[in-house]
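Residue numbers (our numbering): 68 to 527.
Have a look at the structure below before the remarks.
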Ligand code: PA5
């Protein structure tokens, strides 16, 4: 297994001096980088920054593996109820490491309803046998409106089916002490997994948030964590110019200073597609901040965008090659595909197809990646490649850790708190007020006053 980080095409030697970086521009950040690294190490040691310690949890891995075995025997369906950081990691791991049509042939069938669209949820209820479904409610805070509402939605079905035994089909992953899920768990003997206090939602994929659904789906979580541990070591090197997390952060930081405020993550692999979605949340929620650590207004961040190669070559690439030069594109490339048989030109009377004869789909996909990379590079568009030797548990674990560590470094370079999300909290509070939750009456009044002042421009 291996993950390579190729940053050739951000350097001025390859894309010219207007948009390229000089080596010394990156090297000059290593002094600050070392201070950040020291701070991160201390915070990891004190568990304030818990995600750094998550690759090393043998006991938890054994507990989850045993629990997953029991679930696989007892349940035919698994429904993961959570949103944001409580869902995107598990979804990304599942897409990468399980069959795309997993639910057509495997058991337990796995569902991730991470939204409250009532029609969408109703459609799901038609495909599960509630009495044989395990509902995993995942919420660090325990009170997120979407997660609470989805839980209540399924509770109706559970109670109808199982009466007072409904709790036997529930498992919670939440804070060790706080939150409403713990209140429920004090009333009923519901199995609870814990998210360590120093681990935020979007950094929680290596906690039971991601490990429980992965193990239930038959993913080797030991290997996933081994990959993360291996990358953690690489990202801990003092030699920052060989530290992929620092370099990813430093490159994006330098480009943010040059007003390249869009970060595109473009996997040339359907299996890695949702890793880009996960990255979007991580990068956006961590770095999009109004104030820096000194409480000065900075309104910083980089807008993450997901694109899928080769599909989006036929949709977004025209813009990336010829439109505003305001992006940094990160390709995800797979070196070796599991299934990659050569094609045959069955239509021998069409010589135009001959170039495909004997070639594989993987070859074509990677040639398309190289072609896009060339087009961007020739047009002075900065681009990076994270190359997976293959799509394996180890490499997926390594990728996830790499981007988490890069985000921590980027937060340090930007001098912001990458681990809070006041903007999300603001939205959560407004939702509670609009939904008339007790204790939010004043907020509701404020919103109503604001709405009353608003002018409406509406076409009917
Ligand atoms: O990364 C985060 O902190 C957020 O995206 C949360 O994961 C999301 O808001 C869900 O929160 P909770 O797990 O508390 O329900």
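Ideal Cβ placement from N, Cα and C applies to all residues, glycine included.
Residue i and residue j closer than 8 Å at C-beta
i	j	result
residue 529	residue 210	With the chain running from 68 to 527 in the structure shown, residue 529 is simply not present.
residue 160	residue 451	no
residue 131	residue 374	no
residue 142	residue 219	no
residue 182	residue 231	no
residue 402	residue 68	no
residue 93	residue 318	yes
residue 354	residue 470	no
residue 476	residue 103	yes
residue 343	residue 465	no
residue 397	residue 331	yes
residue 70	residue 454	yes
residue 117	residue 263	yes
residue 407	residue 265	no
residue 321	residue 311	no
residue 480	residue 316	yes
residue 505	residue 496	no
residue 325	residue 162	no
residue 463	residue 90	no
residue 391	residue 86	no
residue 436	residue 400	yes
Residue i versus the options, residue with shortest Cα-Cα distance
i	options	result
residue 107	347, 526, 207, 303	303
residue 226	420, 198, 244, 448	198
residue 456	411, 444, 405	405
residue 166	472, 510, 459	459
residue 280	190, 331, 158	158
residue 351	293, 140, 328	328
residue 474	314, 448, 145, 121	314
residue 81	502, 446, 526, 480	446
residue 489	346, 187, 267	267
residue 121	503, 416, 498, 299	299
residue 380	441, 411, 393	441
residue 95	215, 112, 249, 307	307
residue 377	413, 260, 357, 438	438
residue 134	229, 420, 259, 192	259
residue 467	156, 502, 363, 526	156
Distance cut-off 7 Å: residue i Cβ against heavy atoms of the ligand HEM
i	result
residue 269	With respect to small molecules bound, the structure shown includes the ligand PA5 and not the ligand HEM.
Chain B contact for residue i (CB, 8 Å cutoff)
i	result
residue 227	Absent from the structure: chain B. Only one protein chain is present.
Does the pairing of the region 473–490 with the region 424–431 give three or more beta-carbon distances under 8 Å?
-> Judged by Cβ distances under 8 Å, the region 473–490 makes no contact with the region 424–431, as fewer than three pairs qualify.
Could you pull out every unbroken alpha helix (DSSP H) segment of at least 4 residues lying fully inside the region 150–221, listed in chain order?
-> Complete alpha helix (DSSP H) runs here, min 4: 155–164, 169–172, 185–192.
Are the region 175–189 and the region 358–378 in contact at 8 Å, needing three or more beta carbon pairs?
-> No: fewer than three Cβ pairs fall under 8 Å.
The region 239–255 touching the region 191–206, judged by at least three CB pairs closer than 8 Å | Note that the region 239–255 touches the region 191–206; at least 3 beta-carbon pairs, one per stretch, sit closer than 8 Å.
Between the region 335–344 and the region 432–452, do three or more beta carbon pairs fall short of 8 Å?
-> Contact check between the region 335–344 and the region 432–452: three or more CB pairs, one atom from each, fall below 8 Å, which counts as touching.
Touching or not, the region 384–396 and the region 501–521, by the rule of three or more beta carbon pairs under 8 Å?
-> In short, these stretches do not touch, since the Cβ pair count stays below three.
Would you be able to state if there are at least three C-beta pairs under 8 Å between the region 148–158 and the region 264–275?
-> As far as the Cβ criterion goes, the region 264–275 touches the region 148–158, which means the pair count is three or higher.
Would you check if the region 286–296 and the region 118–129 touch, i.e. whether three or more CB-CB distances between them fall below 8 Å?
-> Flag = yes, the region 118–129 and the region 286–296 touch.
Complete alpha helix (DSSP H) runs within the region 400–450 (minimum length 4 residues, chain order) = Whole alpha helix (DSSP H) segments, 4+ residues: 428–445.
Minimum length 4: unbroken alpha helix (DSSP H) runs contained in the region 330–396 = Here the runs fully enclosed are 340–354, 384–389.
Which runs of the beta strand (DSSP E) spanning at least 3 residues fall entirely within the region 238–266, listed in chain order?
-> Fully enclosed beta strand (DSSP E) runs of 3 or longer: 258–261.
Runs of beta strand (DSSP E) lying entirely within the region 87–159, each at least 3 residues, in chain order = Correct list: 144–148.
Every unbroken alpha helix (DSSP H) within the region 438–507, with a cutoff of 4 residues, ordered by chain | The qualifying runs are 460–481, 489–501.
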